[in-house]
Amino acid sequence: MSSKGSQKCRDGWRVLELHLLGKLKSLYQVVLEEVRHGRHLEYLNAIFTRLSESSMTYLYRVH
Numbered sequence: 001m002s003s004k005g006s007q008k009c010r011d012g013w014r015v016l017e018l019h020l021l022g023k024l025k026s027l028y029q030v031v032l033e034e035v036r037h038g039r040h041l042e043y044l045n046a047i048f049t050r051l052s053e054s055s056m057t058y059l060y061r062v063h
């Protein structure tokens, strides 16, 4: 693989990493808020499922 291609691959993974970190920070805030309000765990599980699905969709779009 060329140096240019290798750099592009690393940049793609960095973009994905930053995207996922942003999602995790948002999720953390939502979970804290839901726990404060005593929401049921099934609701939180749905959030994790949705986050996982959106992350996989993003991964396929990036690559």
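Residue 4 in the numbering used here sits at position 4 of the sequence shown; the count goes up by one each step and never skips.
In this text, a Cβ means the ideal position worked out from N, Cα and C, and glycines have one as well.
Please read these numbers as outputs of a predicted model, since none were measured by experiment.
Could you give the first and the last residue of the continuous alpha helix (DSSP H) run that contains G12?
Sequence index remark: in the sequence shown, residue 12 carries index 12 (1-based). S3 to R36 is the span of the alpha helix (DSSP H), which, as asked, contains G12.
So, at 8 Å on beta carbons, what are the nonlocal neighbours of V31 in its own chain, with the 5 sequence-adjacent residues on each side left out?
Here residue 31 is taken as the residue at index 31 of the sequence shown, counted from 1. Cβ neighbours of V31 beyond the five flanking positions: L44 and I47.
Between L51 and L27, is the Cβ-Cβ spacing less than 8 Å?
Here the question's residue 51 lines up with position 51 in the sequence shown. Here the question's residue 27 lines up with position 27 in the sequence shown. Their beta carbons are under 8 Å apart, which means L51 touches L27 by this criterion.
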